[in-house]
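Take 1 as the starting number for the sequence shown in full-length UniProt numbering and just add one per residue. Ideal placement from N, C-alpha and C gives every residue a C-beta, glycine not left out. Here the structure is a predicted model, which means the values were calculated and not measured. A quick write-up on the structure given underneath.
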Amino acid sequence: MSAVIVKLTVQRLEVEASTSASNRSARRAYLSPDVLRTYKIAAGEWVVLSGTEAGATQSSVVQVWPQVGLDDDIIGLSEAQRLNVSGENVELYRFDVERSVNGVLKSITVQPDGPGSVFKTNKESSWVQAAIKEALISAKYVRKGHRAIIGQDEKEGSVFVVTDFEVSTKMPRSKVDTSSLTNGIKRMSLQVEGREGVEVYEMDWRTKVVLTGYDHKGATHPEKDRVPTTGLSTKAGPFSSSVPSYINLYTPSPTSSTTYAQLGGLDSQIKTIKSMLDLPLLHPDLFALFNLPPPRGILLHGPPGTGKTALARAVASSTPGCSCIVVNGPELSSAFHGETEERVRGVFEEARKRSPCIIVLDEIDALCPRRDGDGGEVEKRVVATLLTLMDGMSGSAEGERVFVIAATNRPNSIDPALRRPGRFDREIEIGIPGVAGRLQILEILLERMPHSLTPEELSTLAARTHGFVGADLSSLVRESASAAIQRWHLNADASSSPLLTNDDVLAALPSIRPSAMREVFVETPAVRWYEIGGQEEVKQKLRECVEWPLKHQDTFTRLGVEAPRGVLLYGPPGCSKTMTAKALATESGINFIAVKGPELLNKYVGESERAVREIFRKARAASPSIIFFDEIDALGSARSDDPSHSGVLTSLLNEMDGIVELSGVTVVAATNRPDVLDSALMRPGRLDRILYVGAPDFETRRDIFRIRLAKMAVEPGVEIEELARIAEGCSGAEVASICQDAALAAMNEDLNAPFVKRDHLVHSAKTVRRRITPAMIQFFEQWRDQSGVRSA
């Protein structure tokens with residue numbers, strides 16, 4: 001037994017230092033400087049405090065530290081230390097760090113100490129484990145029975161006790177400066193109060209903390225171990241008692257809805273995944289017969305809400321006899337150096353134990369970003385670790401079958417080294433579903449819901465929801481069902497039950513926008529064709545370009561006709577070019593993106609080009625769609641020596657007809673300066689149709705007056721033909737202005753005027769300023785003749 005250096009009486013003294021378990025005070029004990037000098041104990045030296053209370057001996061390894069103001073018979077302890085050392089007579093022993101520490105812990109098991117010292121829900125388990133680990137690392141040296149406080153103090157916080165541990169054979173113990181321990185004093189092993197061989201171990205940031213003895217309601221069960229989860233089921237088996245909190249073992253229940261049958265519009269992707277998974281996992285001998293390494297990974301990528309995560313979990317539900325580990329990228333991140341890589345290795349080690357096993361890495365772009373980007377050293381080490389592990393899968397032991405499925409909506413943000421055969425062998429795009437896919441999704445969503453929608457109504461709804469992904473359709477059904485429930489509640493009838501109708505769905509449809517369109521969606525007024533006077537040939541040409549490819553796709557395919565890529569509307573100002581584009585968006589019912597040319601221009605190099613590419617990317621994702629460029633001359637004017645302007649035009653040309661095909665997207669542009677546009681923009685394959693929207697003729701002016709006056713109270717007997725003759729040379733906007741000015745004149749005479757008089761309309765028609773001059777009309781006709789453009 002080691003000799004006692006000094007015996008001191010511990011008094012309950014509040015120390016000014018913080019008592020937080022994450023602070024240095026978790027390992028420090030404060031002594032009077034006189035005591036330190038008397039017994040030649042250096043500041044920072046490790047010692048053992050041992051006390052006896054109620055016949056039980058308690059001890060703790062602490063660092064001594066001077067504290068001014070303490071008496072010679074007082075030791076200042078923190079709240080956490082007082083749980084581990086108690087009694088009236090406390091003995092202080094020297095502690096040989098080099099010889100008395102039994103090793104570094106690989107894992108440590110803790111449980112709540114007594115009732116009331118647990119947390120409320122399982123959602124807090126990850127936080128509690130991290131807090132316990134931080135407290136034990138702060139204490140540095142622990143033993144069986146060591147207690148830690150999580151919280152402010154013993155009364156308000158929770159107390160956890162160490163019950164078991166596993167010593168690592170790989171982690172070397174940290175080196176400690178022991179010069180202060182050899183000041184002429186013989187080194188001695190730790191033996192306290194006749195108890196020889198008290199085991200003390202070192203905590204490390206890589207030590208795994210296993211929390212046991214609780215259930216999700218907060219009741220403690222020390223006799224029963226339970227693995228913390230994050231809402232996923234834990235697969236029953238011999239390994240289920242020691243799984244780290246960041247590993248989510250996914251086992252679907254018998255009533256689980258996450259199966260292949262519950263996924264609509266993904267038939268081709270499911271077929272590809274089954275062909276890659278079933279044989280390697282269930283029949284690996286076939287690959288061994290041909291001496292082929294089985295595929296190791298699949299990367300699922302596509303826009304948000306298309307079902308990537310649901311498909312990955314459906315794979316686990318539909319593969320018999322196969323385990324599944326679901327890992328979200330951010331869950332593996334840790335603030336401690338090297339712990340993220342250790343967690344990644346732990347995931348693959350657990351998967352090998354549970355072979356055959358599927359690892360689902362959700363949001364992999366957060367875990368493995370490009371190493372040549374703005375990521376730090378931690379991200380680079382994590383990428384290197386994952387690369388090594390996936391390469392090592394091919395050389396794993398016999399019978400270890402592990403398959404990795406990763407999902408992301410940013411595939412270009414992933415490090416390129418992962419995107420090669422041998423790691424992620426196949427990349428499968430989960431794109432926005434087509435009409436057939438949307439119909440299948442709607443049928444699945446409505447399968448367990450009381451509704452009265454007929455197959456014809458479902459087909460019409462699937463055709464109208466252009467660009468909707470599965471999440472958007474789910475939101476549409478949810479909003480419609482909520483409206484149906486509210487309607488039934490307001491008109492409650494005991495003999496009936498709530499029923500979803502087609503009217504409920506149609507009422508909710510305008511409020512749901514496609515996910516890919518929400519950033520660029522512009523609320524445009526609903527304009528119908530009949531609200532635009534005249535211009536019948538222009539309307540017909542626009543229908544041919546936009547509506548026909550959607551409604552008569554079979555005819556286009558049979559005749560080998562490609563849908564027009566773009567339409568240019570040009571003409572004098574005020575002749576309904578923009579209004580015509582609005583009517584086209586309303587009547588066609590497809591997604592509409594309105595872009596004002598100048599708003600894409602940016603003073604920073606490359607930003608304007610990036611904005612153009614982003615507009616077209618979103619339009620492709622939400623196809624079929626219309627991109628309307630108002631004032632296209634701001635972007636598409638002839639190329640000059642200005643590199644910023646030339647770059648924007650080049651990007652526009654490449655997007656309209658470049659390497660990437662512009663499928664399902666129609667470009668409609670409007671300008672009153674067609675002469676400044678670059679010739680490359682107006683060739684076939686880009687702006688195929690060039691339509692002249694000229695000044696309105698007599699019939700067009702008459703139609704505009706009829707449409708405008710129908711919404712006004714006018715004097716009986718007003719002749720629309722007379723007004724149309726007087727307004728000779730006016731544009732459509734000026735004809736509308738005549739009606740507006742006449743109404744204001746009537747209000748100036750009498751605010752209670754019952755109608756607009758004929759004299760007001762005639763006077764406004766005669767005095768309106770005509771901005772379309774004969775020279776302007778001649779300019780457009782001359783440009784049309786020189787360019788060889790046929791007028792509409």
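For L458, the enclosing alpha helix (DSSP H) covers residues P455 to R464. For G694 against G571, the beta-carbon gap comes to about 5 Å, under 8 Å, which counts as contact. Distance from the CA atom of R708 to the CA atom of V756, rounded to whole angstroms, is 12 Å. By DSSP's assignment, I405 forms a beta bridge with I298 and V360.
Shown here, H489 sits in a helix according to DSSP, grouped into three states. The straight-line gap separating the alpha-carbon atoms of V159 and V101 is approximately 25 Å. Contact between the stretch 423-436 and the stretch 314-325 is absent: fewer than three C-beta pairs spanning the two stretches fall below 8 Å.
Within its own chain, the residues whose Cβ lies closer than 6 Å to the Cβ of I137, once the five positions on either side in sequence are excluded, are M203, listed in chain order. No Cβ-Cβ contact shorter than 8 Å links V110 with L49. In the DSSP assignment, W205 falls outside any alpha helix (DSSP H) and carries neither an H nor an E.
Judged by DSSP secondary structure, P304 falls outside any alpha helix (DSSP H); it is assigned neither H nor E. Annotated as distal: V383 and R296, with beta-carbon spacing of 8 Å or more.
Put simply, of I75, P696, Q440 and R769 the residue whose alpha carbon is nearest the alpha carbon of V538 is P696. Sequence-distant Cβ neighbours of A351 in its own chain, meaning closer than 6 Å and more than five residues away, are I325, C357, I359 and V402. At a Cβ-Cβ threshold of 8 Å, P564 and D688 count as neighbours. Contact between the stretch 555-562 and the stretch 657-677 is absent, with fewer than three C-beta pairs closer than 8 Å. Per the Cβ contact rule, the stretch 709-718 is not in contact with the stretch 539-548 (fewer than 3 Cβ pairs under 8 Å). Counting along the chain, the unbroken alpha helix (DSSP H) around L281 starts and ends at D267 to L282. Counting along the chain, the unbroken alpha helix (DSSP H) around P33 starts and ends at P33 to T38. Three or more Cβ pairs closer than 8 Å define a contact, and the stretch 498-513 meets that threshold against the stretch 470-486. Distance from the CA of S625 to the CA of G434, rounded to the nearest whole angstrom, comes to 13 Å. A Cβ-Cβ distance of about 12 Å is found for the pair L569 and K582, leaving them out of contact under the 8 Å criterion. In the DSSP assignment, the residues bridged to P369 are I414. For L332 against L367, the beta-carbon gap comes to about 6 Å, under 8 Å, which counts as contact. When the five nearest sequence neighbours on each side are left out, the beta carbons in the same chain lying within less than 7 Å of the beta carbon of K140 are those of R27, E202 and M203, in order along the chain. As DSSP reads the structure, G566 sits in a beta bridge with V667.
Between the C-alpha atoms of D113 and R143 there is a straight-line separation of about 15 Å. One thing to note: S737 has its Cβ within 8 Å of the Cβ of V768.
Among the bridge pairs identified by DSSP, Q58 is matched with G51.
Bridge pairing for G76: Y30 [DSSP].
For K596, the uninterrupted beta strand (DSSP E) segment begins and ends at N591 to K596. DSSP places T767 inside the alpha helix (DSSP H), whose first and last residues are R758 to T767. For G44 and N328, the gap between their C-alpha atoms comes out near 42 Å. Taking the C-beta atoms as reference points, I75 is found no nearer than 8 Å to A148.
It is roughly 14 Å from the alpha-carbon of D630 to the alpha-carbon of L584. The closest CA to that of L550, considering only H466, P598 and I532, is found on H466.
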